[in-house]
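Worksheet: the structure to be examined is printed underneath.
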Amino acid sequence: MSTFDPIPQYDSGDIAFTLISTALVWLMIPGVGYFYSGMAREKNALSLIVCCVLSLVVVSVQWFIWGYSLTFSRTASSFIGNLENAFFRNILAGPSIASEKIPDIVFCIYQSMFAALSPALAIGAAAERGRILPMIIFIFLWTTLVYDFVACWTWNPQGWSMKMGALDFAGGTPVHITSGFSSLAYALVLGKRHGEDFKPHNISNVVLGTAFLWFGWFGFNGGSALAGNTRAAMACIVTNLSASVGAITWMCIDYRIHHKFSALGFCSGAIVGLVAITPAAGYVGPAPAVAIGFIGAIFCNAAVYLKHWFKFDDAVDVFAVHGVGGYVGSILTGIFAESYIAGLDGVTEIKGGWINHHWAQVGYQFADATAGAAWSFAITYIILSLMNLIPGLSIRVDHQVELDGLDLTEIGELAYYQHNKAHSGNCMNIENKPDVQHVENLRDATRGMPSVERNMTESATRAVTSPQELHNP
Numbered sequence: 001m002s003t004f005d006p007i008p009q010y011d012s013g014d015i016a017f018t019l020i021s022t023a024l025v026w027l028m029i030p031g032v033g034y035f036y037s038g039m040a041r042e043k044n045a046l047s048l049i050v051c052c053v054l055s056l057v058v059v060s061v062q063w064f065i066w067g068y069s070l071t072f073s074r075t076a077s078s079f080i081g082n083l084e085n086a087f088f089r090n091i092l093a094g095p096s097i098a099s100e101k102i103p104d105i106v107f108c109i110y111q112s113m114f115a116a117l118s119p120a121l122a123i124g125a126a127a128e129r130g131r132i133l134p135m136i137i138f139i140f141l142w143t144t145l146v147y148d149f150v151a152c153w154t155w156n157p158q159g160w161s162m163k164m165g166a167l168d169f170a171g172g173t174p175v176h177i178t179s180g181f182s183s184l185a186y187a188l189v190l191g192k193r194h195g196e197d198f199k200p201h202n203i204s205n206v207v208l209g210t211a212f213l214w215f216g217w218f219g220f221n222g223g224s225a226l227a228g229n230t231r232a233a234m235a236c237i238v239t240n241l242s243a244s245v246g247a248i249t250w251m252c253i254d255y256r257i258h259h260k261f262s263a264l265g266f267c268s269g270a271i272v273g274l275v276a277i278t279p280a281a282g283y284v285g286p287a288p289a290v291a292i293g294f295i296g297a298i299f300c301n302a303a304v305y306l307k308h309w310f311k312f313d314d315a316v317d318v319f320a321v322h323g324v325g326g327y328v329g330s331i332l333t334g335i336f337a338e339s340y341i342a343g344l345d346g347v348t349e350i351k352g353g354w355i356n357h358h359w360a361q362v363g364y365q366f367a368d369a370t371a372g373a374a375w376s377f378a379i380t381y382i383i384l385s386l387m388n389l390i391p392g393l394s395i396r397v398d399h400q401v402e403l404d405g406l407d408l409t410e411i412g413e414l415a416y417y418q419h420n421k422a423h424s425g426n427c428m429n430i431e432n433k434p435d436v437q438h439v440e441n442l443r444d445a446t447r448g449m450p451s452v453e454r455n456m457t458e459s460a461t462r463a464v465t466s467p468q469e470l471h472n473p
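Position 442 (the sequence shown) corresponds to 442 in the numbering used here; numbering is contiguous.
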């Protein structure tokens, strides 16, 4: 901005609203970690939380280097942006590309949370068997080559999907479809986990993660209005309503089969309702939100069985919930979008969907969702396949590391030290005698721990061994 340009007139209320929404979306990232942690086995619980928060820090750096510029530069092509805003150049003073009432820097930090959340969702497919160092590199590459491209063509005014007329209020394609279909590619490249008993070890963590996600989703969907107005309020209402209907629907489906009111079913259905309403949140009213939550839960519940039919190991159902849920939500947006809902902010004008007799809208939604799904799956598969060919960057841990658990072998810390007596059952051989070699491996892995944690682990190890049974007590 030159010295002769007029000073932009920002709205302090909209700035505050967007910054608060930024904090809410930030909370969703550890929420994903706790959700995934609860669904995994105990020996991998901590690693999934760590991987999710690693996504936050890696993408924050990537966003600073070139992510924001590639996604939202004003002179972008129809497919991807350029480096005119690399290293956050020229984003301090001017109005944002999405709203003239908030500065670019506010929009930048808000959108960085969306970028950080997306790979955190995708890497759930690598649960219990993916190496952490290659995962960090993958997150950086994936954000650059998948998320930035799809977000640019969906949300940048220069993007081909935006120009075509596709509607995506808060990230159905850039966040959920990309993460869901990328998780499918990740699961296929990694292969199945070893073993058979993969039951969730801590449903309380799943409920806690769901609570964080549901709470943060008000900033995710409502905050996407970038203003504290009636449209933002409507987005919050339909978000909560769709999640509620999704939770009830999934629980009813599970009850019909198992005759139990499943907490996991409640959480899965709530997340599906939140995912499905995301692209439609700023375009639909309460009644369509009920339909979206109901239909999304039915489709995603059925999609869970795809991993059994096609024999791939989607460890925490990222593809079924986010991939299928985002796709279904995008198509339903083309049906239920209403012009008067979009106009509640006093600025936005759309033709609406089928409910407004705009029959082409579903076609636009189908093109956008399918392009996002195909691009994210193909690029993710290529990235991971190439990384597997590079020495030191193989994406899967070896067999023994997987059996011991990623918490101990990749991180060197455990989520539940107070449960180590049960965990140390791994130290017993088939004759119920101490396995000396395994105990020595545990001791080797704990040598780098802080003294308090090391003492706790060694105490648990001694619970199943005696000085006479180990050659080096």
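Where a beta carbon is used, it is the ideal one built from N, C-alpha and C, also for glycine.
Buried or exposed (CB count within 10 angstroms, at least 16 for buried), Q9: Result: exposed.
Per DSSP, the bridge partner or partners of G130: Bridge partners of G130 according to DSSP: R396.
Best match in V206, V245, H259 and G343 for proximity to G296 [C-alpha to C-alpha]: Among V206, V245, H259 and G343, the Cα nearest to that of G296 is on V245.
Close Cβ partners of K351 (< 6 Å) along its chain, the five nearest in sequence each way excluded: Contacts found: H358.
Residues near V397 in its chain [Cβ-Cβ closer than 8 Å; skip 5 each side]: Cβ within range, chain order: R129, G130, R131, L406, T409 and E410.
Cβ distance (whole Å) where G372 is taken to contact I177 below 8 Å: Contact between G372 and I177 holds: CB atoms are separated by about 5 Å, below the 8 Å threshold.
For N279, three-class secondary structure by DSSP: Here residue 279 is Pro; the residue named in the question, Asn, does not match the sequence. In the structure shown, P279 sits in a helix (DSSP, three-state: H, G or I).
Per-residue burial, V61 [other beta carbons within 10 Å of its own, 16 or more giving buried]: It is exposed - the Cβ of V61 has fewer than 16 other Cβ atoms within 10 Å.
Any alpha helix (DSSP H) of 4 or more consecutive residues that is wholly inside the region 104-155: The qualifying runs are 104-122, 132-142 and 148-155.
P95 - DSSP class collapsed to helix/strand/coil: It is a strand residue.
Beta-carbon contacts of R256 that lie in its chain and below 8 Å, excluding the five residues immediately before and after: Non-local C-beta neighbours of R256 in its own chain, meaning closer than 8 Å and more than five positions away in sequence, are absent.
As assigned by DSSP and simplified to three states, the class of G81: DSSP places G81 in coil when its eight states are reduced to three.
Which of helix, strand or coil DSSP assigns to K260: Coil, per DSSP.
Three-state secondary structure (DSSP) of W217: It is helical.
Classification of A170 by the beta-carbon crowding that lies within 10 angstroms, buried from 16 upward: Under the 10 Å beta carbon count, A170 is surrounded by 16 or more other beta carbons and is classified as buried.
Distance, L389 Cα to I341 Cα: Cα atoms of I341 and L389: separation of roughly 50 Å, rounded to the nearest angstrom.
DSSP state of N429 mapped onto helix, strand, coil: Residue placement at N429 is poorly supported in this model, since its pLDDT is 43, which falls under 50; the coordinates still yield a value, given next. Here DSSP, grouped into helix, strand and coil, assigns N429 to coil.
Inter-stretch contact at 8 Å, needing at least 3 Cβ pairs: the region 199-210 / the region 226-240: The region 199-210 makes no contact with the region 226-240; the number of CB pairs closer than 8 Å stays below 3.
Unbroken alpha helix (DSSP H) run spanning Q9, endpoints: No alpha helix (DSSP H) contains Q9, which DSSP labels as neither H nor E.
C-beta atoms of P119 and V150 nearer than 7 Å: If you check the CB distance, P119 and V150 do not come in under 7 Å.
The region 69-76 contacting the region 355-369, beta-carbon criterion three pairs below 8 Å: By the C-beta criterion, the region 69-76 is judged not to be in contact with the region 355-369, since fewer than 3 inter-stretch pairs fall below 8 Å.
L117 versus W217 - alpha carbon distance: Annotation: L117 to W217 spans about 12 Å, alpha carbon to alpha carbon.
Same chain only: Cβ atoms within 7 Å of G13, ignoring 5 sequence neighbours per side: Excluding five sequence positions before and after G13, the CB atoms of its chain that fall closer than 7 Å to its own CB belong to G228, given in chain order.
Collapsed DSSP secondary structure at G38 in the structure displayed: Residue state, collapsed to three classes: helix.
Nearest residue (CA-CA) to A225, options E196, A280, I292 and G81: It is A280.
Inter-residue Cα distance where the pair is L184 and V318: Looking at the two C-alpha atoms, the distance is approximately 8 Å.
Neighbourhood of G165 by C-beta, 6 Å cutoff - its chain only, sequence neighbours within 5 removed: These residues qualify, in order along the chain: Y364.
Of the listed residues V25, L27 and F35, nearest to S266 (C-alpha basis): Sequence check: residue 266 is Phe here, not Ser. The residue with the shortest Cα to Cα distance from F266 is F35.
Integer Cβ distance of L274 from T239, believed to fall under 8 Å: About 7 Å separates the CB atoms of L274 and T239; that is less than 8 Å, so the two are in contact.
Residue nearest to A287 in terms of C-alpha spacing, selected from F299, H259, G323 and A337: Measuring C-alpha to C-alpha distances from A287 to each of F299, H259, G323 and A337 identifies A337 as the nearest.
Sequence ranges, beta strand (DSSP E) only - wholly within the region 307-337, length at least 3: The region 307-337 contains no whole beta strand (DSSP E) run of 3 or more residues.
Beta-carbon spacing of L70, D148 below 7 Å: The Cβ atoms of L70 and D148 lie closer than 7 Å to each other.
Residue nearest to G326 in terms of C-alpha spacing, selected from D345, F140 and A303: Nearest of D345, F140 and A303 to G326, Cα basis: A303.
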